[in-house]
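One structure is given here, and the rest of the page talks about it.
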Amino acid sequence: MKLYVTSGAPNPRRVTMFMAEKGIEGIEQVPVDLRNSEHRSEAFRAISPMGRVPALVLDDDRALTETRAICTYLEGLQPEPNLMGTTSEERAFIEMADRRVEWYLYQGFANCIRHTHPGLAALEQPQFPEFGKSEGEKVRAVARWLDEELKSQPFVAGERFTIADITAFCALEFARGLLKFFPAEEGMPHLQNYRDKIAQRPSA
Numbered sequence: 001m002k003l004y005v006t007s008g009a010p011n012p013r014r015v016t017m018f019m020a021e022k023g024i025e026g027i028e029q030v031p032v033d034l035r036n037s038e039h040r041s042e043a044f045r046a047i048s049p050m051g052r053v054p055a056l057v058l059d060d061d062r063a064l065t066e067t068r069a070i071c072t073y074l075e076g077l078q079p080e081p082n083l084m085g086t087t088s089e090e091r092a093f094i095e096m097a098d099r100r101v102e103w104y105l106y107q108g109f110a111n112c113i114r115h116t117h118p119g120l121a122a123l124e125q126p127q128f129p130e131f132g133k134s135e136g137e138k139v140r141a142v143a144r145w146l147d148e149e150l151k152s153q154p155f156v157a158g159e160r161f162t163i164a165d166i167t168a169f170c171a172l173e174f175a176r177g178l179l180k181f182f183p184a185e186e187g188m189p190h191l192q193n194y195r196d197k198i199a200q201r202p203s204a
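What follows is the structure in structure tokens.
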């Protein structure tokens, strides 16, 4: 199998962190150069029609895209350690937590970065700075909600580490690098402590 990734991009990092947590090895990683528009090439679009990374090409040459779908496939390939739930009830609550941090935290930071950061101007055309600024303000409310959640539980989905923590951590690291978002400096000590705890895991 081959995993198409881009260094520094949060979604490929979510998959590689998921793989590291599970101890999955032997999947070739193929770099895709976004700055030189390799993701827009005809060859890559034959693999990923939307021109997005990551993409996992299976041994039978079928291509699987979308981060959550790739992780679901890998969870089935190597069920332990479990990161997505063992019962239908647990899977549902973990997916809820994962979707919340993906759609409201991660996407909020991503929209802000993509539309305000000059380094991403070539990738996001056209940029809408006012939209990006608005997203940057709204995502703080989500971060404050998560800070409050982590006041009473150790992980995003509850008592154990799951895929939701990978999504949350990669979102926070993306914002940390390009937005200089440090939760403690914005009155979110529990979120800061959480980020620092996850950063100590070998997969991070």
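Residue 71 in UniProt numbering sits at position 71 of the sequence shown, with consecutive numbering throughout. For glycine and all other residues, C-beta sits at the position ideal for the given N, C-alpha and C.
May I ask you to verify whether the region 153–168 touches the region 93–103, counting CB pairs closer than 8 angstroms and requiring at least 3?
A contact exists between the region 153–168 and the region 93–103.
Using the rule of at least 16 other Cβ atoms within 10 Å of the residue's Cβ for burial, across every protein chain shown, is methionine 17 buried or exposed?
It is buried - the Cβ of methionine 17 has at least 16 other Cβ atoms within 10 Å.
Between which two residues does the alpha helix (DSSP H) holding proline 79 run?
Premise fails: proline 79 is in no alpha helix (DSSP H) and is neither H nor E.
Three or more C-beta pairs closer than 8 angstroms, one from the region 130–141 and one from the region 68–86: is that the case here?
No, the region 130–141 is not in contact with the region 68–86.
Give the straight-line distance between the Cα atoms of serine 88 and tyrosine 4, rounded to the nearest whole angstrom.
The alpha-carbon atoms of serine 88 and tyrosine 4 are separated by roughly 31 angstroms.
Can you name the start and end residues of the alpha helix (DSSP H) that threonine 15 belongs to?
Looking at the sequence shown, residue 15 is not threonine but valine. Counting along the chain, the alpha helix (DSSP H) containing valine 15 begins and ends at 10–22.
Identify, in the order they occur along the chain, each residue of the same chain with its Cβ nearer than 6 angstroms to the Cβ of alanine 175, setting aside the five sequence neighbours on each side.
These residues qualify, in order along the chain: Phe109, Phe181.
Using the C-alpha atoms, what's the distance from lysine 22 back to glycine 51?
Taking the straight line joining both Cα atoms gives about 27 angstroms.
Which value, in whole angstroms, describes the spacing of the CA atoms of threonine 86 and alanine 69?
The straight-line gap from Cα to Cα measures roughly 17 angstroms.
With glutamate 55 as the anchor, note down where its beta strand (DSSP E) starts and where it stops.
Residue identity differs from the one stated: residue 55 is alanine in this sequence, not glutamate. Element bounds for alanine 55: 55–57.
When we look at the beta-carbon of asparagine 111 and count the other beta-carbons within 10 Å, is it buried (16 or more) or exposed?
Label assigned to asparagine 111: buried.
Quick one: using the 10 Å Cβ neighbour count with 16 as the cut-off for buried, is serine 7 buried or exposed?
It is exposed - the Cβ of serine 7 has fewer than 16 other Cβ atoms within 10 Å.
From the DSSP output, read off the bridge partner residues of threonine 65.
In DSSP, threonine 65 forms a bridge with Ala55.
Sorted by chain position, which residues of the same chain lie with C-beta nearer than 8 angstroms to serine 48's C-beta, five sequence neighbours on each side aside?
Excluding residues within five positions, the ones whose Cβ falls inside 8 angstroms are Tyr4, His39, Ala55, Ala63, Thr65.
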